[in-house]
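Asks:
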Amino acid sequence: ASIASTDIGLLLQDDVFVDFFNTFLNLPVFGQTPLYISGMGRWYLWPELPSHLDPSAAALLAWLEKHRLPHFCKSSLCLHLVLCQKLLGFIRSGEAAELLSWQSADRWLLERCISGSHGMRHFRTFVRGTAGEELLDFWLVTERLLGVDESDGSQRDLLLSLVHRLRATHLREGSSVVTLCTTIAGSLPKARHIQSSSTRREILSKMQEQALFMIQSYWLPKFFVHCKMGMEEEESCQPLLQEYQERLSQACWQEPPGLSEPLPTMHIKRNPAVSGPYCSQKAKAGIWALVKEGRDAQELKMATFRVKPERQPGPAGSMEELCLDKDALGSIPQQSEHPANTAFGGRGGVTFLGRPQSSADQDLENLCKEKMLSDLLSSASLARLPSLKKPVKTLDFLPWALSAEACAGRPFRDFLQRQNRPMETHLLDLWHDLEEFLPVVLDSNRENSFFLRHLIGEKICKTYLEEGSTEKLPLETRTLVSLWNHLICGEFSPWIFRAQKEICKVLCGLYEEFLADDDRTFLQFMAPGMDVAVSEVSGRAAGRGEHFHLSQRMNQSLKLSQGLHGTRSLEGVSSKHWQLLAARDLQKGGSIQAELELLL
């Protein structure tokens, strides 16, 4: 709420906010995806506008404040920004200096390590599988719950969902949160209905404070030691460590006076108009064509679709062998963690090569092949990239966009509600709930995986698949029945992908309307007084090299966001984390720019 009520010009003076906001703005669900380089005060627009429109930074800020910031404030990126700010506040405080004996150099280095969306992802990766992970998750869910307006009837379902999630995971007997907060957890209201809301909010707020203090006073110092040890072994981090040692050698180090420069004048990078209409849908198609063609080129080199030897799923579904790679969509763990040549199955048997298959089994196998999307090879030069020959339809990149929508505050859902499309909104909610279910059931090592997969599976069945509600969904009957048979038991099913594909076919036209509406709104701000159709505004056509860079920038943004949102399993700490830390400069594009530069 405090972020939403702050002037966006002031917000953009904070480099940490800029880093999270840039990650959000480049999620591929949106039409216009700008990037702000705070050190230069420069905005890069994409798709670009022709120079004769003379776009102003003030108009851009007004558009961002009205049509992007409200969605950012509803996103998981914003929750992580708030948590990051609280951690930074503690690091800079006298309390931390007294409690942990940190010198100014220590605080400087730790700030470098934890600032921005990549810094928070690194911190979450570090605490993965520990009590610290549960404390972090509890803090984030509670922050979201306490921000819900309980007097708003439209948010009742969200409120109940968050309350049930807390009860099933962090407030259950034996959880790290309950153990830590034993003195006050016992008085938490037990009733499932929303009655003593003020009492519940007060107790949850106190528990959240205790969890945050434990994160700050115990897990942050451990993370600091981890960072120093990791940086010592990474050659690219040596300049950072050298500066740290220089600061450490001067006990009362202060920034040299008189070197603070005035903020640069904010402006928009302009390019001369070449050709082509301003149409984000067509621009996205060009980018996705490159991703898709790169995927196809790699698949030609892959072996025939193979599977591991058959074995029975274990208690948690044993989904390691049932996972597929959707890395270009950024939604399921990377190919290095879960090879693409794996099997899909569940109750009713697993499909194997060389065995008789029913038409339904064959359809599912074909669908699984379609979902095997890999990243473009980072070592591929532009000369090696495939040519863009085949036309790409919106349906091809819609799953990519919808995966990003979950991390972006649900702007497409808001559009559907404004258009009074309740059935389509219901379908979109189902798509996202299925997407949330996948990483939980496919990653048995995830914190509270057992409880969450049953909670989410039962929620999907009761909300969308119970008798009497299935008639409202324009999906095939066998798809709905198969989903019910597996999800009610908290099991994985390849029918999830079939359901998502059917939903995309229904939503495709409406997503095109959403992009067109986003384009019109943007042009109304950037070209006021011009009554001109989107397709009539000429822009600059991007080349193949630029398409490649943009596709990677958006994909890095999506991976970062999904890792924080929880719809993507976090990678283990590797040398890449330290290289990113060395390359990351919050005033020069921050997290996603560092990821892109390292990739290229």
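Numbering (the numbering used here), first residue to last: -17 to 582. Don't be surprised by glycine CBs; every beta carbon is placed ideally from N, CA and C.
Evaluate Asp500 with the Cβ neighbour count: other Cβ atoms within 10 Å of its Cβ, from every protein chain shown; 16 or more gives buried, anything less gives exposed.
Replies: Classification of Asp500: buried, given that the 10 Å Cβ count is 16 or more.
Asks: Whole angstroms are fine: how far does the CA of Asn4 sit from the CA of Phe12?
Replies: Those two C-alpha atoms are separated by around 13 Å.
Asks: Hey, would you say Arg120 sits closer than 7 Å to His152, going by beta carbons?
Replies: The residue asked about is misnamed: residue 120 is Phe in this sequence, not Arg. Their beta carbons are under 7 Å apart, which means Phe120 touches His152 by this criterion.
Asks: In the DSSP assignment, find the alpha helix (DSSP H) that holds Arg24 and state where it starts and stops.
Replies: Looking at the DSSP string, Arg24 is not in any alpha helix (DSSP H); the run it does join, the beta strand (DSSP E), is Arg24 to Tyr26.
Asks: Cutting at 7 Å between CB atoms, please list the residues of its own chain near Lys570, excluding the five before and the five after it.
Replies: Same-chain partners within the cutoff: Ile19 and Gly21.
Asks: If I measure Cβ to Cβ from Gly565 and keep anything under 8 Å in the same chain, skipping five residues before and after, which residues do I get?
Replies: Looking at the sequence provided, one finds Ala at residue 565 rather than Gly. Correct list, in chain order: Ser218, Ala576, Glu579 and Leu580.
Asks: By a C-beta neighbour count over all protein chains shown, 10 Å radius and 16 as the cutoff for buried, is Met405 buried or exposed?
Replies: The residue is exposed, with fewer than 16 neighbouring Cβ atoms inside 10 Å.
Asks: Let me know the alpha helix (DSSP H) ranges lying completely inside the segment 429 to 516, each 4 residues or longer, listed in chain order.
Replies: Entirely contained in the segment 429 to 516, the alpha helix (DSSP H) runs reaching 4 residues are, in chain order, 431 to 442, 459 to 469 and 477 to 508.
Asks: What residue range does the alpha helix (DSSP H) around Tyr200 cover?
Replies: No alpha helix (DSSP H) holds Tyr200; DSSP gives it neither H nor E.
Asks: By Cβ distance, which residues of its chain are closer than 6 Å to Leu642, with the 5 residues on each side in sequence left out?
Replies: Given that the chain is displayed from residue -17 to residue 582, the structure contains no residue 642 and the question cannot be resolved.
Asks: Looking at Ser157: is its Cβ nearer than 7 Å to the Cβ of Ala113?
Replies: No, Cβ-Cβ distance for Ser157 and Ala113 is not below 7 Å.
Asks: List the residues that DSSP assigns as beta-bridge partners of Leu17.
Replies: In the DSSP output, where bridge partners are listed per residue, Leu17 has Tyr26.
Asks: Which residue marks the beginning of the alpha helix (DSSP H) containing Gly114, and which one marks its end?
Replies: Ala113 to Leu128 is the span of the alpha helix (DSSP H), which, as asked, contains Gly114.
Asks: Assign Asn253 to buried or exposed, taking buried as 16 or more other Cβ atoms, counted over all protein chains shown, within 10 Å of its Cβ.
Replies: So Asn253 counts as exposed.
Asks: Which stretch, first to last residue, makes up the alpha helix (DSSP H) that contains Ile(-15)?
Replies: No alpha helix (DSSP H) contains Ile(-15), which DSSP labels as neither H nor E.
Asks: Count the other CB atoms, across all protein chains shown, that sit within 10 Å of the CB of Leu117; report buried if there are 16 or more and exposed otherwise.
Replies: Looking at its Cβ environment, which holds 16 or more other Cβ atoms inside 10 Å, Leu117 is buried.
Asks: Under 6 Å Cβ to Cβ from Gly545, same chain only, skipping five residues before and after it: list those, please.
Replies: Excluding sequence neighbours, Gly545 sits near Arg103 and Leu552.
Asks: How is the alpha helix (DSSP H) around Trp382 delimited, first residue to last?
Replies: That run of the alpha helix (DSSP H) goes Thr376 to Glu387.
Asks: Straight-line CA distance for Leu457 to Arg138?
Replies: C-alpha separation (whole angstroms): 27 Å.
Asks: On the DSSP letters alone, give me the boundaries of the alpha helix (DSSP H) that Asp567 sits inside.
Replies: First-last for Asp567: undefined, no H or E at that position.
Asks: Give me the Cα-Cα distance between Lys541 and Ser475, rounded to the nearest whole angstrom.
Replies: Cα to Cα, the separation comes out at about 24 Å.
Asks: Mapping the DSSP letters down to three states, classify His152 as helix, strand or coil.
Replies: The answer is coil: DSSP assigns His152 none of H, G, I, E or B.
Asks: Quick one: residues in its chain with C-beta nearer than 7 Å to the C-beta of Ala193, no 5 flanking neighbours on either side, listed in chain order?
Replies: Closer than 7 Å at Cβ, skipping near neighbours: Leu117, Phe120, Trp121, Val159 and Leu162.
Asks: Mapping the DSSP letters down to three states, classify Gln575 as helix, strand or coil.
Replies: Gln575 falls in the helix class under three-state DSSP.
Asks: If you draw a straight line from the C-alpha of Glu184 to the C-alpha of Leu128, how long is it?
Replies: Cα-Cα distance, rounded: 10 Å.
Asks: Could you check which residue in Gly472, Trp90, Gly111 and Phe108 has the C-alpha nearest to that of Glu418?
Replies: Out of Gly472, Trp90, Gly111 and Phe108, Gly472 has the C-alpha closest to the C-alpha of Glu418.
Asks: Please report how far the alpha carbon of Ile197 lies from the alpha carbon of Gly111, in whole angstroms.
Replies: Their Cα atoms are separated by approximately 14 Å.
Asks: Could you tell me whether the segment 492 to 499 touches the segment 391 to 403, where touching means 3 or more Cβ pairs closer than 8 Å?
Replies: Contact holds: three or more Cβ-Cβ distances are below 8 Å.
Asks: Are there three or more Cβ pairs, one per stretch, closer than 8 Å when the segment 373 to 392 is compared with the segment 434 to 446?
Replies: No, the segment 373 to 392 does not touch the segment 434 to 446.
Asks: Counting along the chain, where does the alpha helix (DSSP H) carrying His414 start and finish?
Replies: It spans Pro404 to Leu424 - the alpha helix (DSSP H) in which His414 sits, taken as one unbroken run.
Asks: Given this structure, state the Cα-to-Cα distance separating Ile403 from Pro37, to the nearest angstrom.
Replies: In the sequence under discussion, the amino acid at residue 403 is Arg, which differs from the Ile named in the question. Using only the alpha carbons, I get a separation of about 34 Å.
Asks: Between the alpha carbons of Leu61 and Arg126, how many angstroms are there, rounded?
Replies: About 7 Å.
Asks: Would you tell me roughly how many angstroms separate the C-alpha atoms of Gln232 and Ile73, rounded to the nearest one?
Replies: The straight-line gap from Cα to Cα measures roughly 19 Å.
Asks: Please list, in chain order, all residues of the same chain as Phe(-1) whose beta carbon is under 7 Å from its beta carbon, the five residues on each side excluded.
Replies: Contacts found: Leu(-7) and Leu63.
Asks: Could you pull the start and end residues of the alpha helix (DSSP H) that His53 belongs to?
Replies: It spans Leu51 to Phe54 - the alpha helix (DSSP H) in which His53 sits, taken as one unbroken run.
Asks: Assess, as a yes-or-no matter, whether the segment 459 to 466 is touched by the segment 480 to 487 under the definition of 3 or more beta carbon pairs within less than 8 Å.
Replies: Taking 8 Å as the limit for Cβ pairs, the verdict is that the segment 459 to 466 does touch the segment 480 to 487.
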